[in-house]
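See below for the structure under consideration.
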């Protein structure tokens, strides 16, 4: 059991990244409920190993734990059975109803496209575009070389573009 | 630097992740490349 001072430091250093942890878990698992479970497991692991944490930036350290917990979860729960539950956006409110509808449709389209990406592509997109991590931080989290981050991100963006084109075309036809 | 290398590095360039030397190489190629 961690000491009181250790718990206080944990709360101060790791708890502020709960939102980022949930966001990553939500996108990798594709399911809000499972993301909550994964984040809970991740925080327990983080607390368990917090004594060994000596770095200054706890966010990549925590996201590495979340990422590994997510992929363990994916291996155990068959990725193909993931649901496509909708998440709530955090975009600024558009001014008029027409642009609100358009923004909602675009947001939904991007969400669908990201969910269709393979997990390793989805992971780098989320870490880069949503969590705004550097290539080095992503490389550390995913345990891959920086060059692989760059090529994976390039392929993920290209795939995302194809998916969005497909969704837009089918949207226009519908 | 040739066009193929530029293609490989373009995402790192756009994301400002290449570092000074590669950035300058990329900028040079982008300005000078006829294609």
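Chains as they are written, first to last, in our numbering: chain A, 1 to 174; chain B, 1001 to 1035.
The beta-carbon is built from N, C-alpha and C at its ideal position, and this holds for glycine as well.
If you measure from the beta carbon of residue 22 of chain A to each beta carbon in chain B, is any gap under 7 Å? No, its Cβ sits nowhere closer than 7 Å to a Cβ of chain B.
Could you give the C-beta distance for residue 146 of chain A and residue 139 of chain A, rounded to a whole number, given that I count them as a contact under 8 Å? At roughly 5 Å, the Cβ-Cβ gap stays under 8 Å, so residue 146 of chain A and residue 139 of chain A are in contact.
Should residue 8 of chain A be listed as close to the ligand GTP, given that the test is whether its C-beta is under 6 Å from any heavy atom? Among the ligands in the structure shown, none appear at all, so the ligand GTP cannot be discussed.
Can you confirm whether the region 53-65 of chain A touches the region 10-24 of chain A when touching is taken to mean that 3 or more C-beta pairs between the two stretches lie within less than 8 Å? Yes, the region 10-24 of chain A is in contact with the region 53-65 of chain A.
Mind checking whether residue 66 of chain A and residue 25 of chain A have CB atoms under 7 Å apart? Contact flag set, yes.
Counting only C-beta atoms, is residue 154 of chain A closer than 7 Å to chain B at any point? Yes, because at least one Cβ of chain B sits closer than 7 Å to the Cβ of residue 154 of chain A.
Alpha carbon of residue 1030 of chain B to alpha carbon of residue 1017 of chain B, nearest angstrom: Each residue's alpha carbon lies about 17 Å from the other.
So residue 14 of chain A is in the alpha helix (DSSP H); what residue range does that whole segment cover? That residue, residue 14 of chain A, is in no alpha helix (DSSP H); it is neither H nor E in DSSP.
Residue 70 of chain A: first and last residue of the uninterrupted alpha helix (DSSP H) it sits in: First-last of the alpha helix (DSSP H) with residue 70 of chain A: 58-77.
Quick check on residue 89 of chain A: buried or exposed, where buried means 16 or more other Cβ atoms within 10 Å of its Cβ? With a pLDDT of only 35 at residue 89 of chain A, under the threshold of 50, the placement of this residue in the model should not be trusted, and no figure is reported.
Within 10 angstroms of the Cβ of residue 156 of chain A, are there 16 or more other Cβ atoms? Answer buried if so, exposed if not. Per the 10 Å Cβ criterion, buried.
To which residues of the same chain is residue 109 of chain A closer than 6 Å at the C-beta, ignoring the five residues directly before and after it? The beta carbon of residue 109 of chain A is closer than 6 Å to those of 167 in its chain, skipping five residues each way along the sequence.
Assigned secondary structure, residue 53 of chain A (DSSP; H/G/I helix, E/B strand, else coil): In the three-state reduction of the DSSP assignment, residue 53 of chain A falls in the coil class, being assigned neither a helical nor a strand state.
Using a Cβ-Cβ cut-off of 8 Å (strictly less than) and excluding sequence neighbours within five positions of residue 150 of chain A, which residues of its own chain qualify? Once the five neighbours on either side are set aside, the close Cβ partners of residue 150 of chain A are 135.
Buried or exposed by the 16-neighbour rule on C-beta atoms within 10 Å, applied to residue 104 of chain A: Residue 104 of chain A comes out exposed.
CA-CA distance, residue 1008 of chain B and residue 1014 of chain B? One Cα belongs to residue 1008 of chain B, the other to residue 1014 of chain B, and the distance between them is close to 12 Å.
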